[in-house]
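This report concerns only the one structure given below.
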Amino acid sequence: MSGEVSMIGSVILALFLAGYLGQQYLPPPKPRVIGLDLGTTYCSVGVFNPGVGDVEVIADEEGRKSIPSAVSFTLTEVLVGHEAQDLADSNPQNTIYDAKRFIGKIFDPNLLEQESARYPFQVINNNGSAEFLVTTNLTFTVSPEFIGSRLLLKMKQMAEKHLGMQIEKAVISVPAEFDERQRNYTIRAANLAGLEILRVINEPTAAAMAYGLHKVEVFNVLVVDLGGGTLDVSLLNKQGGMFITRAMAGNNKLGGQDFSQRLLQHMMDQVLQTFGIAVSLKEDVHRLRQHADEAKLNLTLQPSVSVRVPLQLQAAETPAAGKPPVLFQMTVTREAFEELNADLFQKILEPIKTVLVEGRLKAEEVDEIVLVGGSTRIPRIRQLIRQFFGKEPNTSVDPDLAVVTGVAIQAGIMGGSWPLQVSAIEIPNRHLRKVNFN
Ligand SMILES: *[C@@H]1O[C@H](CO)[C@@H](O)[C@H](O)[C@H]1NC(C)=O
Ligand SMILES: *[C@@H]1O[C@H](CO)[C@@H](O)[C@H](O)[C@H]1NC(C)=O
Ligand SMILES: *[C@@H]1O[C@H](CO)[C@@H](O)[C@H](O)[C@H]1NC(C)=O
Ligand SMILES: *[C@@H]1O[C@H](CO)[C@@H](O)[C@H](O)[C@H]1NC(C)=O
Ligand SMILES: CC(=O)N[C@H]1CO[C@H](CO)[C@@H](O)[C@@H]1O
1488 MSGEVSMIGS VILALFLAGY LGQQYLPPPK PRVIGLDLGT TYCSVGVFNP GVGDVEVIAD
1548 EEGRKSIPSA VSFTLTEVLV GHEAQDLADS NPQNTIYDAK RFIGKIFDPN LLEQESARYP
1608 FQVINNNGSA EFLVTTNLTF TVSPEFIGSR LLLKMKQMAE KHLGMQIEKA VISVPAEFDE
1668 RQRNYTIRAA NLAGLEILRV INEPTAAAMA YGLHKVEVFN VLVVDLGGGT LDVSLLNKQG
1728 GMFITRAMAG NNKLGGQDFS QRLLQHMMDQ VLQTFGIAVS LKEDVHRLRQ HADEAKLNLT
1788 LQPSVSVRVP LQLQAAETPA AGKPPVLFQM TVTREAFEEL NADLFQKILE PIKTVLVEGR
1848 LKAEEVDEIV LVGGSTRIPR IRQLIRQFFG KEPNTSVDPD LAVVTGVAIQ AGIMGGSWPL
1908 QVSAIEIPNR HLRKVNFN
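Numbering (this note's numbering), first residue to last: 1488 to 1925.
Listed below in structure tokens is the structure:
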């Protein structure tokens, strides 16, 4: 009896070893499932490399790892990503962005009208759902999920080119606050792009997975996602291999654009003081805005930057042709930038406090803090969060790629990539509502 058992045991062991050794000597299998981050402003695609055991975020021909979430319709073609964004100024009515804000959502007519007013393209109300009106030599409407599908198709093609094979399966992330309908329409967008979606995971969960938090002993994870225009804070609770979203709060009108805007206003005040002329020309404002953005980015790495902007500064009625531009110069210190934004930075703590109250947790009971979104690079913001929790936040993964990295890990798990076996399953929490500060 015991001999039989041990013989079966050794056969199993031999089979296991053969499989194991086979895996060592055969070229590693290629990933068959891709991970997609369909963001409001940028999209990325990543894969988990089974052999090496790492995530690769796939770059386009020019080495860029994200594409703008924009689709532009012209007489002859439909352009996607950077090519679409390049047309945003010359073809504004037919260049659709921010489609994710509309996907799968039923709107109150007044709210939809308010939202539409923010865009240079026309958003129309189709029985509560948003559609975009496009006019080339034809006039037609396109749905938010169609826009999504063009972006996903582009990323599918980037992945196929990179891997040298056809891809049909994917895992995709959505905001934690997305309801079932919004999730369904996101899946529909992927289906339109020829992709089968194996799993939909929440963006904060994906970010936590990018840090390997599905594999280590942690219970409470707080994810702060601060992008260009929105702040999302989620409190996750991990039990076994499962993440549960405990609480969500945020601010739909706070992000990097607001910090740039404060700096822009400061620069315009400075122009008025220096030259005695208010900035009024559109081109001047545009140029100052570009420099304000660049200065903001540089101040993350440098204690001060010097800004030099050539300006026309002519009153619109007296376009003195040929008049040379004046050179506006100023130095902006990181300290000044922080002062300009002090109240906005402080606002980041409001939703953080709210999720702790809702989750009935004290700040010190949070095991890990994960920062996502480009604006979390700002040193003062990291410092405020560090001070609030009395510990270092997790920042080693590029905050713009944390979500796609986590989605790619989940794609690797779904694709059965050795050596990953543990999966973070999410328990949907239907009764949860996001608390909004605006
Ligand atoms: C629209 O214009 C393009 C380019 O001029 C042309 O190729 C296309 O056939 C036109 N489509 C229709 C429906 O007229
Ligand atoms: C409009 O929406 C309502 C509820 O969402 C639905 O009952 C109705 O059938 C829809 N009408 C049309 C024309 O799609
Ligand atoms: C979402 O899709 C599932 C599966 O196709 C379906 O059962 C469910 O009714 C859909 N829910 C909504 C709100 O559209
Ligand atoms: C920002 O940094 C880049 C590269 O380091 C540099 O080329 C650029 O001039 C800097 N801009 C400002 C406003 O300091
Ligand atoms: C500050 C920091 O890096 N904290 C944690 C980030 O996440 C990993 C888990 O993968 C922890 O080990 C670090 O301590």
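Note that CB positions come from ideal geometry on N, CA and C, so glycine has one too. Here the structure is a predicted model, which is why all the values come from computation and not from measurement.
Beta carbon of residue i, beta carbon of residue j: below 9 Å?
i: D1585; j: A1663; result: no
i: F1832; j: I1856; result: no
i: G1475; j: P1631; result: The requested residue 1475 is not part of the displayed model; the chain covers only 1488 to 1925.
i: M1729; j: V1842; result: no
i: F1535; j: G1522; result: yes
i: G1846; j: L1722; result: yes
i: E1851; j: F1876; result: yes
i: L1800; j: I1764; result: yes
Just the Cα atoms here: how many angstroms apart are residue i and residue j?
i: L1934; j: F1560; result: The structure shown has nothing for residue 1934, since the chain only spans 1488 to 1925.
i: F1824; j: L1713; result: 17 Å
i: F1924; j: G1893; result: 27 Å
i: S1616; j: S1556; result: 20 Å
i: D1524; j: N1689; result: 10 Å
i: F1594; j: E1602; result: 10 Å
i: M1696; j: V1758; result: 47 Å
i: P1607; j: L1562; result: 18 Å
i: A1782; j: V1819; result: 8 Å
i: Q1908; j: G1727; result: Low confidence applies here, because Q1908 scores a pLDDT of 49, under 50, leaving its location unreliable and the question unanswered by this model.
i: E1647; j: E1564; result: 22 Å
i: T1761; j: Y1529; result: 38 Å
i: I1839; j: V1610; result: 33 Å
i: L1566; j: I1545; result: 19 Å
i: L1574; j: D1666; result: 33 Å
i: L1599; j: F1619; result: 12 Å
i: A1898; j: V1891; result: 10 Å
i: T1928; j: G1533; result: Because residue 1928 is not part of the residues shown, which for the chain are 1488 to 1925, the question remains open.
i: R1670; j: A1895; result: 18 Å
i: V1844; j: N1624; result: 55 Å
i: K1878; j: D1830; result: 23 Å
i: R1668; j: S1791; result: 47 Å
i: Q1870; j: I1554; result: 30 Å
Can you check which of these residues, the options, is closest to residue i by C-alpha distance?
i: K1921; options: S1793, N1739, L1625; result: N1739
i: A1889; options: V1539, E1543, K1517; result: E1543
i: G1716; options: R1588, R1551, D1576, D1771; result: R1588
i: P1579; options: G1846, S1553, V1621, P1790; result: V1621
i: I1684; options: S1721, E1655, F1608, S1767; result: E1655
i: Q1752; options: A1736, M1735, D1771, G1737; result: D1771
i: D1887; options: R1847, I1896, I1900, T1863; result: T1863
i: V1859; options: F1875, S1883, G1846; result: S1883
i: V1796; options: P1811, H1778, A1782, E1826; result: H1778
i: S1793; options: D1576, A1546, A1571, R1821; result: R1821
i: L1836; options: L1814, I1872, K1849; result: I1872
i: P1866; options: L1709, D1885, T1787; result: T1787
i: R1686; options: L1784, V1891, S1660, G1550; result: S1660
i: L1750; options: F1762, S1767, I1764, L1784; result: L1784
i: E1570; options: K1517, L1599, G1533, R1637; result: R1637
i: E1826; options: I1545, F1746, L1598; result: F1746
i: F1633; options: V1558, N1581, Q1801; result: V1558
i: T1468; options: K1810, N1581, L1599, L1650; result: Residue 1468 lies beyond the range of the chain shown here (1488 to 1925); nothing can be said about it.
i: G1861; options: Q1744, T1626, R1551, N1671; result: Q1744
i: G1550; options: T1626, I1583, H1649, P1537; result: H1649
i: L1679; options: Q1572, K1702, G1635; result: G1635
i: V1926; options: I1674, V1813, D1780, A1895; result: For the chain, the structure presents residues 1488 to 1925; residue 1926 sits outside this window and is missing.
i: G1737; options: V1711, Q1748, D1756; result: V1711
Hey, residue i and residue j are a contact pair by Cβ (cut 8 Å); roughly how many whole angstroms apart?
i: V1658; j: V1539; result: In fact, because the Cβ distance is near 19 Å, the residues do not count as touching under 8 Å.
i: N1881; j: Y1698; result: 5 Å
i: L1798; j: R1776; result: L1798 to R1776, Cβ: 12 Å. No contact.
i: V1853; j: N1724; result: No, V1853 and N1724 are not in contact; Cβ-Cβ is about 11 Å, not under 8 Å.
i: L1639; j: A1694; result: Incorrect: roughly 20 Å between the Cβ atoms, too far for contact.
i: M1817; j: M1901; result: About 52 Å separates the two Cβ atoms, so there is no contact after all.
i: P1596; j: N1613; result: Contact flag wrong, Cβ pair sits at about 11 Å.
i: K1517; j: M1652; result: 6 Å
i: D1541; j: M1645; result: With 8 Å as the limit, D1541 and M1645 do not qualify as a contact, their Cβ atoms being about 18 Å apart.
i: K1834; j: L1741; result: 6 Å
i: S1577; j: K1552; result: That belief does not hold up - the Cβ atoms of S1577 and K1552 are roughly 26 Å apart, past 8 Å.
Beta-carbon distances below 6 Å to any heavy atom of ligand 3 define the shell here; list its residues in chain order, please.
Spelled out in chain order, the answer is E1667, R1668, N1671.
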